[in-house]
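Enquirer: First the structure, which I've put down as structure tokens, then a few questions once you've had a look.
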Amino acid sequence: PESVDESTGYRYYSESQLPEADTIQALRTMGFGLSVIGEILNKYENEEEMEQFLMIKREELLCQAQETEQKLRLLDNTIQWLRKDGN
Numbered sequence: 000p001e002s003v004d005e006s007t008g009y010r011y012y013s014e015s016q017l018p019e020a021d022t023i024q025a026l027r028t029m030g031f032g033l034s035v036i037g038e039i040l041n042k043y044e045n046e047e048e049m050e051q052f053l054m055i056k057r058e059e060l061l062c063q064a065q066e067t068e069q070k071l072r073l074l075d076n077t078i079q080w081l082r083k084d085g086n
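So for the sequence shown, this note's numbering puts the first residue at 0; every next one is plus one.
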């Protein structure tokens with residue numbers, strides 16, 4: 000940010016910083032942490048490295064999705080079992 004209000008912590012960005020702020024917001028929405036976002040921004044101009052960051056995150060999210068699917072199946076099966084057996 001261009002400046003930070005000391006009492007509220009509110010960050011103020013200049014108009015020229017808005018594209019980078021949008022990029023940061025998009026990366027946060029994709030699930031990247033701030034430390035990785037800093038790395039990404041340093042290599043943002045290199046398309047190959049940028050794609051590598053995105054592919055790694057994609058694989059990470061796919062693994063999380065698979066784990067979530069397994070947990071949901073276990074929950075659904077347990078709910079069905081409880082409804083059948085009553086215990």
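Glycine is no exception: its CB is placed at the ideal position from the N, C-alpha and C atoms.
For my contact list, residue 1 and residue 11 are in at a C-beta cut-off of 8 Å; report their separation, rounded to the angstrom.
Expert: So it is a contact: roughly 6 Å between Cβ atoms.
Enquirer: I believe residue 30 touches residue 56 by the beta-carbon criterion, under 8 Å. Please report the beta-carbon distance rounded to the nearest angstrom.
Expert: Between residue 56 and residue 30 the Cβ distance is about 6 Å, and since that is below 8 Å, they are a contact.
Enquirer: Residue 39 and residue 49 - do their beta-carbons sit closer together than 8 Å?
Expert: Closer than 8 Å, so yes.
Enquirer: Assign residue 26 to buried or exposed, taking buried as 16 or more other Cβ atoms, counted over all protein chains shown, within 10 Å of its Cβ.
Expert: Buried is the call here.
Enquirer: In whole angstroms, what is the alpha-carbon distance linking residue 73 and residue 66?
Expert: If you take the alpha carbons of residue 73 and residue 66, they lie about 11 Å apart.
Enquirer: Residues in the same chain with beta-carbon distance under 6 Å from residue 63, minus the five sequence neighbours each way, listed in chain order, please.
Expert: Result list for residue 63: empty, nothing under 6 Å.
Enquirer: Tell me residue 2's beta-bridge partners as DSSP assigns them.
Expert: Residue 2 is bridged to 11.
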